[in-house]
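Using the numbering used here, the first residue of the sequence shown is number 182, and each one after it goes up by one.
Built from N, CA and C at the ideal position, the CB exists for glycine as well.
These numbers were taken from a predicted model, which means no experiment stands behind them.
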Amino acid sequence: MGVSQTILHEEVESRYLAYALSTIVSRALPDVRDGLKPVHRRIIYAMDAIGAKQAARHVKSARVVGEVIGKYHPHGDAAVYDAMVRMAQDFSLRYPLVDGQGNFGSVDGDGAAAMRYTEAKLSAIAGELLADLKAQTVDFTDNYDGTLTEPAVLPARIPNLLVNGSSGIAVGMATNIPPHNLSEVCDALIHLIGNEDASTAEIMAKIKGPDFPTGGQIIASAEEIQEIYRRGKGSIKIRGEFEIESLKRGKKQLVITSLPYSVNKSRLVEKIADSILAKKLPMVTDVKDESAENVRIVLELRDGKVDPEKVMTFLYKHSDMEINFPLNFTCLTPLATPER
């Protein structure tokens with residue numbers, strides 16, 4: 182076999198493009214039809230195949246991971262388990278697709294227990310992604326070694342791309358789609374089915390904006406949110422929420438009740454404590470994390486004359502109680518091309 186001559190920059194361009202497209206299609210961007218990347222789709226399909234359905238008992242997470250990497254996803258077990266863990270976290274997904282049993286991490290940034298200790302099965306909403314799969318509703322493709330087939334996309338009775346969102350970084354592009362309220366999205370879809378030429382304003386009358394699983398307040402007008410959605414990219418500010426509780430002798434305490442999406446609660450408490458110790462926040466004498474199922478971070482105010490709003494103004498400026506959340510609605514079309 183002879184050596185062929187080629188122009189270097191053309192060869193580099195060709196190979197880079199092939200690599201970029203492979204990354205985009207195979208790993209980084211979700212499909213608009215089911216809102217899933219390949220690893221998430223394979224986890225759901227594998228769990229269904231081994232009987233880990235919503236009505237069944239939980240199975241060992243290691244059993245699921247082994248099924249996925251052995252038959253459909255030839256990558257490391259840690260990457261698959263990390264993806265499955267996130268699918269079970271109610272602070273990461275608006276509507277979790279995996280029902281986890283055991284330690285699946287926390288909003289404090291704690292990692293999940295090893296896969297040999299945790300158990301999982303599909304959630305009820307994941308079952309809606311699989312509905313009618315056996316009725317020849319979607320195409321199947323060969324798996325990585327050609328010995329089995331897997332769905333190219335799930336039937337998806339729910340608009341998963343919007344309700345759970347997605348994030349990812351590909352070669353030369355990225356996506357960061359926020360989660361939304363399922364009822365609002367369905368109302369918008371019903372309106373769109375009856376009015377194919379509906380404007381962005383008409384659709385946004387149904388969908389008020391992102392609906393994050395950790396709560397928080399979006400600091401943007403309806404017009405600003407509408408413009409971001411019309412363009413398909415932009416940025417919004419998210420603030421944590423708080424309440425003021427009255428105590429004896431005229432004292433008050435400030436209670437943080439929600440956090441911006443993806444903010445690490447433990448680090449936030451540490452940041453506030455550091456500000457108190459450094460005398461940057463003299464209006465506050467102590468901070469305590471009393472969170473259980475819901476977020477409850479208590480700030481003890483120096484006296485009843487302290488204005489809680491001033492305390493929060495400081496925290497919004499100097500901590501993650503306020504963050505910028507970038508939006509980018511890039512995803513794969515049915516033709517496997519990325520579009521916004």
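| request: Return the chain-ordered list of same chain residues with a C-beta closer than 8 Å to the C-beta of residue 227, the five sequence neighbours on each side being excluded. | output: Contacts found: 245, 248, 249, 252 and 253.
| message | Please report the straight-line C-alpha distance between residue 334 and residue 276, rounded to a whole angstrom. | response | Whole-angstrom Cα-Cα distance: 19 Å.
| Who are the near neighbours of residue 284 in its chain, counting only those whose CB is closer than 8 Å to its CB and skipping five residues on each side? | So the qualifying residues of the chain are 291, 293, 294, 298 and 299.
| said: Using a 10 Å radius around the Cβ and a threshold of 16 neighbouring Cβ atoms, would you call residue 279 buried or exposed? | reply: So residue 279 counts as buried.
| field | Supposed contact pair residue 343 and residue 414 - C-beta distance, whole angstroms, cut 8 Å | value | About 15 Å separates the beta carbons of residue 414 and residue 343, which is beyond the 8 Å limit, so they are not a contact pair.
| task | Grab the span of the beta strand (DSSP E) containing residue 348 for me, first residue to last. | result | Where residue 348 is concerned, the enclosing beta strand (DSSP E) stretches over 347-350.
| message | Quick check: what's the CA-CA separation for residue 475 versus residue 438? | response | A direct Cα-Cα distance of roughly 7 Å separates residue 475 from residue 438.
| Residue interval of the alpha helix (DSSP H) (run including residue 249) | Membership of residue 249 in the alpha helix (DSSP H) is indicated by the continuous run 242-252.
| Residue burial classification, residue 349 (beta-carbon count within 10 angstroms, cutoff 16) | Burial call: buried.
| query | Distance, Cα to Cα, residue 220 vs residue 472? | reply | Approximately 33 Å, taken between the alpha carbons.
| task | Could you name the residues of the same chain whose beta carbon sits closer than 6 Å to that of residue 212, not counting the 5 residues immediately before and after it, in chain order? | result | Closer than 6 Å at the Cβ level, and outside the excluded window around residue 212, lie 334 and 513.
| Secondary structure, beta strand (DSSP E): runs of 3+ residues fully inside the segment 398-424 | DSSP runs (the beta strand (DSSP E)) wholly in the segment 398-424: 398-400 and 414-420.
| Considering only residues of the same chain and omitting the five flanking positions on each side of residue 358, which have a CB-CB separation below 6 Å? | Cβ within range, chain order: 346, 347 and 510.
| Tell me which same chain residues have a C-beta within less than 7 Å of the C-beta of residue 281, skipping the five on either side of it? | Hits under 7 Å: 269, 299 and 301.
| task | Would you mind sorting residue 351 into buried or exposed? The rule is 16 or more other CB atoms within 10 Å of its CB. | result | Buried, by the Cβ-count rule.
| field | Euclidean distance between Cα positions of residue 338 and residue 387 | value | Distance between the alpha carbons of residue 338 and residue 387 is about 19 Å.
| field | Exposed unless 16 or more other CB atoms sit within 10 angstroms - verdict on residue 209 | value | For residue 209, the number of other beta carbons within 10 angstroms of its own is at least 16, and it is reported as buried.
| task | Check whether the Cβ atoms of residue 444 and residue 423 lie closer than 8 Å to each other. | result | Result no, Cβ atoms of residue 444 and residue 423 do not sit closer than 8 Å.
| CA-CA distance, residue 515 and residue 410? | Their Cα atoms are separated by approximately 21 Å.
| task | Return the chain-ordered list of same chain residues with a C-beta closer than 6 Å to the C-beta of residue 417, the five sequence neighbours on each side being excluded. | result | Contacts found: 399, 401 and 506.
| said: Do residue 341 and residue 215 count as a contact pair if the criterion is CB distance below 8 Å? | reply: The answer is yes: Cβ separation under 8 Å.
| query | Buried or exposed: where does residue 326 fall if 16 or more other Cβ atoms within 10 Å of its Cβ makes it buried? | reply | Exposed, by the Cβ-count rule.
| task | Use the C-beta contact count for residue 321: other C-beta atoms within 10 angstroms, 16 or more gives buried, fewer gives exposed. | result | Looking at its Cβ environment, which holds fewer than 16 other Cβ atoms inside 10 Å, residue 321 is exposed.
| query | When DSSP builds the beta bridges, which residues end up paired with residue 389? | reply | Looking at the DSSP assignment, residue 389 forms no beta bridge with any residue, so it has no partner.
| Is the closest heavy atom of the ligand ADP to the C-beta of residue 287 under 7 Å? | As far as ligands go, the structure on display features none, and thus does not contain the ligand ADP.
| query | Is the CB-CB distance between residue 499 and residue 447 below 8 Å? | reply | For residue 499 and residue 447, no; Cβs fall outside 8 Å.
| For residue 444, the three-state DSSP class (helix, strand or coil) | DSSP places residue 444 in the coil class of the three-state scheme, outside both helix and strand.
| query | Do you know how far the Cα of residue 425 is from the Cα of residue 458? | reply | Cα to Cα, the separation comes out at about 22 Å.
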